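Quick note, the sequences are listed as chains P and Y, same order. Sequential numbering from 1 applies to the first sequence in the UniProt record's numbering. Sequential numbering from 1 applies to the second sequence in the UniProt record's numbering. One structure is given below, encoded as structure tokens.
Number of protein chains: 2
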Amino acid sequence: MTLTLEQLNAAPAAEAAALLDGLYEHSPWITEAALAQRPFRSMAHIKHALVQVLAQAAPEQQLGLIRAHPELAGKAMVSKTLTAESTNEQNKAGLTDCTPEEFARIQQLNADYNARFGFPFILAVRGPRGTGLTKKEIIDTFARRLSNHPDFERAEALRNIHRIAEIRLNDKFGYEPVLGNDVWDWQEKLSVHTDPGYAELGQLTVTYLTDAHRACAQRISHWMRDCGFDEVEIDAVGNVVGRYRPAAESGKYLMTGSHYDTVRNGGKYDGRLGIFVPMACVRELHRQHRRLPFGIEVVAFAEEEGQRYKATFLGSGALIGDFKQEWLDQKDADGITMREAMEHAGLCIADIPRLRRDAAQYLGFVEVHIEQGPVLNELDIPLGVVTSINGGVRYVCEMTGMASHAGTTPMDRRRDAALGVAELALYMEQRAAQDGDSVATIGMLQVPNGSINVVPGRCQFSMDMRAPTDPQRDAMVADVLARLEEIAQRRGLQYKAELSMKAAAAPSAPEWQQRWEAAVQALGVPLYRMPSGAGHDAMKLHEVMPQAMLFVRGLNGGISHNPLESSTADDMQLAVDAFAHVLNQLAQETA
Amino acid sequence: MTLTLEQLNAAPAAEAAALLDGLYEHSPWITEAALAQRPFRSMAHIKHALVQVLAQAAPEQQLGLIRAHPELAGKAMVSKTLTAESTNEQNKAGLTDCTPEEFARIQQLNADYNARFGFPFILAVRGPRGTGLTKKEIIDTFARRLSNHPDFERAEALRNIHRIAEIRLNDKFGYEPVLGNDVWDWQEKLSVHTDPGYAELGQLTVTYLTDAHRACAQRISHWMRDCGFDEVEIDAVGNVVGRYRPAAESGKYLMTGSHYDTVRNGGKYDGRLGIFVPMACVRELHRQHRRLPFGIEVVAFAEEEGQRYKATFLGSGALIGDFKQEWLDQKDADGITMREAMEHAGLCIADIPRLRRDAAQYLGFVEVHIEQGPVLNELDIPLGVVTSINGGVRYVCEMTGMASHAGTTPMDRRRDAALGVAELALYMEQRAAQDGDSVATIGMLQVPNGSINVVPGRCQFSMDMRAPTDPQRDAMVADVLARLEEIAQRRGLQYKAELSMKAAAAPSAPEWQQRWEAAVQALGVPLYRMPSGAGHDAMKLHEVMPQAMLFVRGLNGGISHNPLESSTADDMQLAVDAFAHVLNQLAQETA
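In structure tokens, the structure reads:
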């Protein structure tokens, strides 16, 4: 007997609560309060209502809920006193099947965690599609979270409790995120290919034109054919391009996609999610024998991360004619030139210029990507609409004052280089915050050869500043540089600030951003607009056609470029649904 | 024909100005204005009057004066268009006798310096007693000053101009700082002894019980005998102790002295000045066949710097019974234990406990020491009366936040460990400044493995806080630790702060401090009271008897623990005069 939305919306309160019994461990009050928001438009709507109830609960209530949970593979599991739901979940995650060493390790972690935070460690562990984590990854996550701040850990526990409730809710509705699962599975299967030396470490690393990289291209091209793309090819730089034709030959194309290369020891979703989400949509169109007024060109970009060669965005760059011939002579760590690597892979270097697209043939470019940041995770919102890919600058700097004796130099006679940087750092924090969407960071900071009893005479530091538009970025940079000058003058310091990087912002095309917004709202997901702090392939296409991106929430605090990068099949399903919605909007508009 | 104070005080204004003609390069207005302060009580009085005139002059006047000076070994020297005074000075410093390489180097420095600051480099260079700098050291100082801040360099130029005027003034009065010269010479002669490996580098390093160290003890004991001390011995820890008996056998003793060991690549005056100043006074008493109601015990302490063994203040500690037996088993870098080193030096380890002094036999302890800080140099005041040897604490700390992507983590969702430390650093600066005499320093600071695009998850730093009294220090430390806690709470950070050192303050005994004050004022030197930020042997004696210290100005910004440490024979003479004054006061009091 599975539940339907109609049933739930129609049931009297007590009955409805009974229908949702067990969502939150020993805490029916959450469900009861959320039910007051009926009628629900979608599963996503129910989930968000639940999130809101808990967010508005008193801190003691939240803590009570956290403490109502069993330890991971703890005494309750051993003594079989878990709730039915917990038993099922710990079982599926393989925790009932630990080696004695794993079990001992988890018990120690449980003890340490409880001593530190005063509540049990909670992780939604119901198997790979629930969290993306294997037994080993669960233990790694546990160890990592032990060093978090208590406030963060409390919030993280609540987020995991929601994820557990989401899985339990899906069960009640007999709901399966079918397409989300397929996207999940494609990513899982693709992650078996990893560069030499990394497989042994259980790490995912796929850099440009390695064997693993070429295997990925082969797999993706094969899957594209299976999905019903009309043309599939691996192009002259290694991009996998699948084209699903429009209803009429004269129709333009929508371009979409993302990259399949990874950083070293990276995650499974960075880039790849943006290939498989539209692939799932095209497969559905093909299954329905449906053609749209426009074609769909899905590109799995060969290179975005700049790991093997310093040629970041090579794949998307080639499509706008931005392939630099001098890259061909770059050598990797083993002395292999890019030219040799491309020849070895059978790519036709001479054809690269022909990859350049005629923008007039395209409606625009959209890209789905995992957020790679903490925002959606903290807000418990699965999707975010990108307003702009931030423009950025980087500076490498040094402040110079005068080293002197920390005991004998009075405060008013110092030229402390580090204090000048401290003042600048706090100004940058406040100046960026004032903009809302801007960020400014001093990521590198050190007093070279600092001694405990010497006033710092030098301080080396970096500055990274990003904003959704170039004028906003430039205004911030000008303010920061002016403050740097003012601080140096006032404190009798000198400084060098060398610009090491400058990238233009890529604001989303308003009409394309609006399409994503309409899609998200139609799903019953709260609309959340945000800039992208990181760079993406869409930045390159932005130079020749309108673009807009959709972000998908990352779990574990949004950690990325790390094996703990994670998402859920539920969220991937929502991304597929949103993408399909955009296709339908476009079909109506261009019909 | 030499000038006398009486003559100068009696002369009509124009005549007096003519008597002092040429003190300041092409700038008679300074002398003229200073003469308005007649009658002068002493040479020191005239010098301070000159300093004050220039300090109150308009910035353009100061700059005009600086620009009126010739370049060091510059075109004017080559073309022989220098003033007579300048020719004499550059000649004595050996600058007219440069090698072609040295000459080329100086020309390049002159060009760079002028380009950077817009005025010529000025250094009082009239031979070793003028500055303590050899030709090589002059060039090193030049190169070092090139990187100073323009404000500092302007002040440094003015200070050197005063030093030049002081030397010229001495010439006019036929004045020789005779005892200051002797103190200078003793220090110069002692500095030829340096540990193996450092002589080749031209560096001064004398660590506990090395051959150089034992040679220093031998030289000092020899000089003490020459000066007329009644008993001279090298004691069981290597201190050189000279006793000049009181008029009556029942008389108590005044103890004084400082250390003769050095840091690695140190200066010639740190410690040693405090041995030779009282030695010069005893020699004068002996020459005059004069006995005081009290005896004088001058101790050249064998060890203060803790360089070869971690046993700082070993020499003065032994006199108060604070010699730790476990030190004997400490090994130096070559594996030689302190016990072996002492036996090798022929010291009677068994006698160490007998070094402990009976405080009832002593009036108190005084110590003369070079300031090792910038204060007196900046104020152009030759002597400073120490109010207290500051008490201090040191902490080694780490702030922990959460490392995250500098692009994708909004400002309000960061836990930036470095920003927490930045805030603390600025608070410490302000909190210490609010006390006046306290200092607080973050000398070590780094974001380990920081990346330009990663929000700092960790930041390591040190804290050093010192104050003239323990309650003042403890109040500051409590405020800083409270702020640290508050910052961590507010920013969601965690921290560790480990106490690594805690030393009690040693406030000067009021009656002893007053004796120094009376002496300084009697000399016509402005009275300036200041705490000692660094530790000194007086801290140990403080535990058993009253003590007070006198500081002597250091040149070159007060640089110390460095070969550029410098002073002048004039200032040393003032220290001898002040010491003699204290002896006379005591003689009157105890008569």
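Just so it is clear, CB atoms sit at the ideal spot from N, CA and C, and this is done for glycine as well. On a predicted model such as this, the values are computed, not experimentally measured, just so you know.
Excluding five sequence positions before and after P/K310, the CB atoms of its chain that fall closer than 7 Å to its own CB belong to Q330, given in chain order.
Residues are counted here when their Cβ sits less than 7 Å from a Cβ of chain Y; for the region 61-83 of chain P the count is zero. Just measuring C-alpha positions, the residue of Y/L426, Y/N449, Y/E367 and Y/V421 sitting nearest Y/D537 is Y/E367. Using a C-beta cut-off of 8 Å, the region 467-475 of chain Y makes contact with the region 429-444 of chain Y, since at least three inter-stretch Cβ pairs fall below that distance.
When C-beta distances to chain Y are compared with 8 Å, the residues of the region 146-175 of chain P below that value are S147, N148, H149, D151 and F152, in chain order. In the assembly as shown, P/R225 is an exposed residue. Its beta-carbon has fewer than 16 other beta-carbons within 10 Å. Taking the Cα positions, P/D571 is about 59 Å away from Y/A467. Proximity of the region 341-351 of chain Y to the region 505-525 of chain Y falls short of the contact definition, fewer than three beta-carbon pairs being nearer than 8 Å. The way I'd put it, the region 274-292 of chain Y doesn't touch the region 331-340 of chain Y; fewer than three beta-carbon pairs between them come closer than 8 Å.
Annotation: Cβ neighbours of Y/V375 in chain P (cutoff 9 Å, chain order): T408, T409, P410 and R413.
Collapsing the DSSP output to three states places Y/E231 in a strand. When rounded, the separation of the alpha-carbon atoms in P/E60 and P/P120 is 15 Å. As summarised for the region 494-581 of chain Y, the continuous alpha helix (DSSP H) elements at least 4 residues long and confined to that stretch are 510-522 and 538-541, given in chain order.
Within the same chain, Cβ atoms closer than 7 Å to the Cβ of P/L583 are found at C281 and L292, the five residues on either side in sequence being excluded. Note on P/H162: 16 or more other CB atoms within 10 angstroms of its CB, so buried under the neighbour-count rule.
For Y/P507 and Y/M549, the gap between their C-alpha atoms comes out near 10 Å.
Note on geometry: alpha-carbon atoms of P/M428 and Y/T409 lie some 15 Å from one another.
Secondary structure note for P/D464: its beta strand (DSSP E) is the uninterrupted segment R458 to A467.
Contact annotation: P/N110 and P/G74 have beta-carbon atoms nearer than 8 Å.
For Y/R466, the neighbours in chain P by C-beta distance under 9 Å run, in chain order, A406 and G407. Counting only residues of its own chain and dropping the five nearest sequence neighbours on each side, Y/L204 has a CB closer than 8 Å to the CB of S191, T194, Y198, T262, N265, G266, G267, K268 and P563.
Residues are counted here when their Cβ sits less than 7 Å from a Cβ of chain Y; for the region 426-456 of chain P these are L426, E429, A432, A433, V439, T441, I442, G443, M444, L445, Q446, V447, G450, S451, I452, N453, V454, V455 and P456, given in chain order. P/D412 counts as exposed, since fewer than 16 other beta carbons sit within 10 angstroms of its beta carbon. Listed in chain order, the positions of the region 472-494 of chain P with a beta carbon within less than 8 Å of a beta carbon of chain Y are G492, L493 and Q494. Scanning chain Y for C-beta atoms nearer than 8 Å to the C-beta of P/G392 yields G407, reported in chain order. Proximity of the region 443-454 of chain P to the region 478-491 of chain Y falls short of the contact definition, fewer than three beta-carbon pairs being nearer than 8 Å. The Cβ atoms of Y/F365 and Y/M255 sit closer than 8 Å to each other. Interface flag for Y/Q372 against chain P is set, since a Cβ pair is found closer than 8 Å.
Here P/R272 is buried, its C-beta having at least 16 other C-beta atoms within 10 Å.
Within the same chain, and ignoring the five residues on either side of Y/I66 in sequence, the residues whose Cβ sits closer than 8 Å to its Cβ are F119, P120, I122, R154, A157, L158 and I161. Here DSSP, grouped into helix, strand and coil, assigns Y/T400 to strand. With contacts defined as CB atoms closer than 8 Å, P/L314 and P/A302 qualify as a contacting pair. Residue state for P/Y244 is assigned as strand, using DSSP reduced to three classes. For Y/T337, the secondary structure class from DSSP, reduced to helix, strand or coil, is strand.
For Y/H162, the secondary structure class from DSSP, reduced to helix, strand or coil, is helix. P/A350 and P/V232 have their alpha carbons spaced roughly 20 Å apart.
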